[in-house]
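Peer 1: Residue numbering for the sequence shown is 0 to 222, as defined by numbering that gives the first Met the number 0.
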Amino acid sequence: MMNIIFLGPPGAGKGTQAKLVAERFHIPHISTGDMLREAVTNGSELGKKVKNIMESGELVPDDLMVDIVKERIGRADCKKGFILDGFPRTIVQANALDEVLKGMNKEIEGTVYFKIEEEEVVKRISARRVCSKCGAVYNLVYSPPKVNGICDKCGAPIYQRDDDKEETVRKRYSVYIEKTVNLLDFYKKQGKLFEVDASKDIEKVKSKVGEIMAKIGGEKWLH
Ligand code: AP5
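1. What are the boundary residues of the beta strand (DSSP E) that includes Arg169?
2. Expressed to the nearest angstrom, what Euclidean distance is found between the alpha-carbon atoms of Asn94 and Asn2?
3. If you reduce the DSSP assignment to three classes, tell me which class Val129 lands in.
4. Pairs of beta-carbons, one from the region 24-36 and one from the region 139-146, closer than 8 Å: are there three or more?
5. Report the option in Phe24, Asp163, Lys164, Cys133 whose CA atom is closest to the CA atom of Ile149.
6. With a 10 Å radius around its C-beta and 16 neighbouring C-beta atoms as the bar for buried, classify Arg74 as buried or exposed.
7. So, using beta-carbon positions, are Arg171 and Gly56 closer together than 8 Å?
8. With a floor of 3 residues, list each beta strand (DSSP E) that falls wholly inside the region 53-130, ordered by position along the chain.
9. Does the beta-carbon distance from Ala17 to Val120 come in below 8 Å?
10. Where DSSP assigns a beta bridge to Tyr158, which residues make up the other side?
11. Drop a sphere of 10 angstroms on the beta-carbon of Val68, count the other beta-carbons inside from all chains shown, and report buried for 16 or more, exposed for fewer.
12. Have a look at Ile240 and Leu100 and give me their C-alpha separation to the nearest angstrom.
13. Go ahead and pull the three-state DSSP assignment for Val136.
14. Cutting at 7 Å between CB atoms, please list the residues of its own chain near Glu118, excluding the five before and the five after it.
15. Which residue comes first and which comes last in the alpha helix (DSSP H) that contains Asn41?
16. How should Lys214 be labelled, buried or exposed, when 16 other C-beta atoms within 10 angstroms of its C-beta is the threshold for buried?
17. List the whole-angstrom C-beta distance separating Arg88 from Lys178, where the pair is believed to meet the contact cut-off of C-beta under 8 Å.
18. Hey, quick one: how far does the alpha helix (DSSP H) through Asp151 stretch, first residue to last?
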């Protein structure tokens, strides 16, 4: 079993690394941000409720988030494990997650903390672009697409997220400090916190995350 959380500020590279780990170990990448953005795009009831909250950089209410994640981790593809990216984000969410997992005879095995400073985050996010069709993530400075404005993987146009304006990024960072950063202590006390220097390049972070996965799940997770 490999039930893992990726924790850290916006733009730390959680999503980028979670995709790589999910591909490598064949476990689902559960990004609450991606799920909410999909709901907004589809214009569902959930999407209508969260659109303005997300655009302002605030957090969506805990009860909504817990319901979404509970349903998702109960699906069959999570049997071998999962990577939670963007959840939990508050102590209420973390406690609820522990309860839900307990009810399934499961637990979180490890939390990977992506450590990075605010200015680097602002720099990265202002250059982030996302594919409008397949969701692939690019960075105009560090990992640009081969053809300007076009996704390498599926050929659809890439765009800038609505909440990636500098002002909103700074707001999201302050919300992270106010509501999420104390989760580091929460998981440290459980002996489940592992730290990675997220300011390094994608390959270096990837290799460090791989080492952590092996530490958490044993050598088989390296092969
Ligand atoms: P969410 O989508 O979760 O956003 P976030 O946590 O702010 O994280 P990001 O997606 O911005 O960053 P990331 O760490 O994944 O970085 P990435 O890999 O893309 O949440 C959005 C909103 O949804 C929230 O504000 C909230 O409203 C709501 N929400 C979601 N979950 C919620 C919850 N649980 N409770 C309440 N509300 C919730 O990388 C960033 C950029 O840097 C990319 O361009 C990438 O290519 C580049 N990059 C990545 N790694 C490197 C590297 N090592 N070196 C150089 N560049 C890199």
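Glycine is no exception: its CB is placed at the ideal position from the N, C-alpha and C atoms.
Peer 2: By the coordinates alone:
1. Unbroken run through Arg169 is the alpha helix (DSSP H), 165-174; no beta strand (DSSP E).
2. 15 Å
3. strand
4. no
5. Cys133
6. exposed
7. yes
8. 80-84, 109-114, 127-130
9. no
10. Val129
11. buried
12. Past the edges of the chain, shown from 0 to 222, lies residue 240, and the structure says nothing about it.
13. strand
14. none
15. 31-41
16. exposed
17. 6 Å
18. First-last for Asp151: undefined, no H or E at that position.
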